[in-house]
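All remarks here apply to the structure that follows.
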Amino acid sequence: MGKNPVEIRLERLRQQWLQLCEEPSWRLLVWRLPASGARLLAAFFEMQKQPGDWQLPDYFLRLDCAFETGFGYSRELKHALSSSYLGSQQELRQQGVALGWRGALPEHPDSATGAVEVFESFAAHHREHFRNLAVVLEPDRVVADEAFMRWVGAALAALRSGQVRLVLVDSHEDPRWQPLLDRHDRLALRLDAPLDMFEVARETAAQSGGGGPGVVYRQLLADLMTLLERGSPAQVAQRAERALAVAQRHGWQDQQAAVHMMVAGGWLKGQDHARAIGAYRQARECALQAAGAGNPAGSSLAMQSWFGEAGAWLAA
Numbered sequence: 468m469g470k471n472p473v474e475i476r477l478e479r480l481r482q483q484w485l486q487l488c489e490e491p492s493w494r495l496l497v498w499r500l501p502a503s504g505a506r507l508l509a510a511f512f513e514m515q516k517q518p519g520d521w522q523l524p525d526y527f528l529r530l531d532c533a534f535e536t537g538f539g540y541s542r543e544l545k546h547a548l549s550s551s552y553l554g555s556q557q558e559l560r561q562q563g564v565a566l567g568w569r570g571a572l573p574e575h576p577d578s579a580t581g582a583v584e585v586f587e588s589f590a591a592h593h594r595e596h597f598r599n600l601a602v603v604l605e606p607d608r609v610v611a612d613e614a615f616m617r618w619v620g621a622a623l624a625a626l627r628s629g630q631v632r633l634v635l636v637d638s639h640e641d642p643r644w645q646p647l648l649d650r651h652d653r654l655a656l657r658l659d660a661p662l663d664m665f666e667v668a669r670e671t672a673a674q675s676g677g678g679g680p681g682v683v684y685r686q687l688l689a690d691l692m693t694l695l696e697r698g699s700p701a702q703v704a705q706r707a708e709r710a711l712a713v714a715q716r717h718g719w720q721d722q723q724a725a726v727h728m729m730v731a732g733g734w735l736k737g738q739d740h741a742r743a744i745g746a747y748r749q750a751r752e753c754a755l756q757a758a759g760a761g762n763p764a765g766s767s768l769a770m771q772s773w774f775g776e777a778g779a780w781l782a783a
């Protein structure tokens, strides 16, 4: 059986990493992707924890500590790695991994250098089990981008082992870490991740097989998702007419409600609050019809339309 669109993209990520990481001089890798692909990249990282053909020879350490100050961030990174290691010892024993790593020590200062020394110590202790340690820095909050980038610069300067790589993630819509790529062009590399989820949705619909109304409708929904992200409100409304025609022809009131709410989202994006409110009301009418016909999704869709309309009024 052939791979589905999601599996194909995960394999592309795997091959991309293998090809571009053969060069040891790259110490900072910035993975840039469409904003819609963030969840798929997260799934890729999670898959690396499971044995299988998709597994890479590198270990991905994801750290989401908030960045407020360089001092505090360094301390939190060291603590996060040590805590994760201590909490995973039973699992590591079952996998035959030799324990005994000492963790962060008092001589490791609360600085970028100290954090890097801890990463390198961890990588050296486990060198029999993975090729490189990829430290994925995903701070859930950054008080000041410039201060964070200075911290990353200091970490790059402190790296001594070619076994440790730093990884950041940004998007085409918000290339947040481009200044780091510009400043450290001899050490930093951008990886463009092929993770457009709207293309995935469209290809998945196309692979569903057959040529019935369900397949046509799913393809139209995939188009709507793409237009919501990239198109104009008018384009969304125009394409929605085709999806609504299919749903109306087959009596799918719940799907009509869903399409009307997508149209409302398009109008909201374009700041046309009056049309958004009208679309939410049309969605509610269809949702109530679905509920009246015994469709369990109808009541939930009606409630969503009320919340959506309330949000549109607040934004107006």
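Going left to right, the sequence shown walks through residues 468 to 783 as this note's numbering numbers them.
Here a beta-carbon is modelled for each residue, glycine too, at the ideal position from N, C-alpha and C.
Item: Beta-carbon contacts of residue 718 that lie in its chain and below 6 Å, excluding the five residues immediately before and after; Value: none
Item: Bridge-paired residues (DSSP) for residue 498; Value: 636 and 658
Item: Opening and closing residue of the beta strand (DSSP E) in which residue 528 lies; Value: 526 to 530
Item: First and last residue of the uninterrupted beta strand (DSSP E) at residue 601; Value: 600 to 604
Item: Three-state secondary structure assigned by DSSP to residue 597; Value: coil
Item: Residues of its chain near residue 601, where Cβ-Cβ distance is below 6 Å and the 5 sequence neighbours each way are ignored; Value: 525, 527, 632 and 634
Item: Pair within 9 Å by beta-carbon distance, residue 745 and residue 695; Value: no
Item: Three or more C-beta pairs below 8 Å linking the region 610 to 621 and the region 477 to 490; Value: no
Item: Exposure label - residue 779; buried when at least 16 CB within 10 Å; Value: buried
Item: Alpha-carbon to alpha-carbon, residue 583 and residue 784; Value: The structure shown does not extend to residue 784, since the chain spans only 468 to 783, so no value can be given for it.
Item: Segment limits, alpha helix (DSSP H) that includes residue 489; Value: Careful: residue 489 lies outside any alpha helix (DSSP H) and carries neither H nor E.
Item: Classification of residue 543 by the beta-carbon crowding that lies within 10 angstroms, buried from 16 upward; Value: buried
Item: Rounded C-alpha distance that separates residue 781 from residue 683; Value: 36 Å
Item: Boundaries (first-last residue) of the alpha helix (DSSP H) holding residue 550; Value: 537 to 554
Item: Exposed unless 16 or more other CB atoms sit within 10 angstroms - verdict on residue 468; Value: Residue placement at residue 468 is flagged as unreliable, the pLDDT there being 46, under the threshold of 50; a coordinate-derived value is accordingly withheld.
Item: Coil, strand or helix - residue 682 by DSSP; Value: helix
Item: Per-residue burial, residue 693 [other beta carbons within 10 Å of its own, 16 or more giving buried]; Value: buried
Item: Nearest-angstrom Cα separation, counted from residue 498 out to residue 531; Value: 16 Å
Item: Rounded C-alpha distance that separates residue 599 from residue 690; Value: 40 Å
Item: Three-state secondary structure (DSSP) of residue 610; Value: coil
Item: Of the residues 736, 712 and 735, the one placed nearest residue 681, counting alpha carbons only; Value: 712
Item: Coarse secondary structure for residue 468, derived from DSSP in three states; Value: Confidence at residue 468 is low in this model, with a pLDDT of 46, below 50, so its placement is unreliable and the value that follows should be read with caution. Looking at residue 468 - three-state DSSP - the assignment turns out to be coil, as it is neither helix nor strand.
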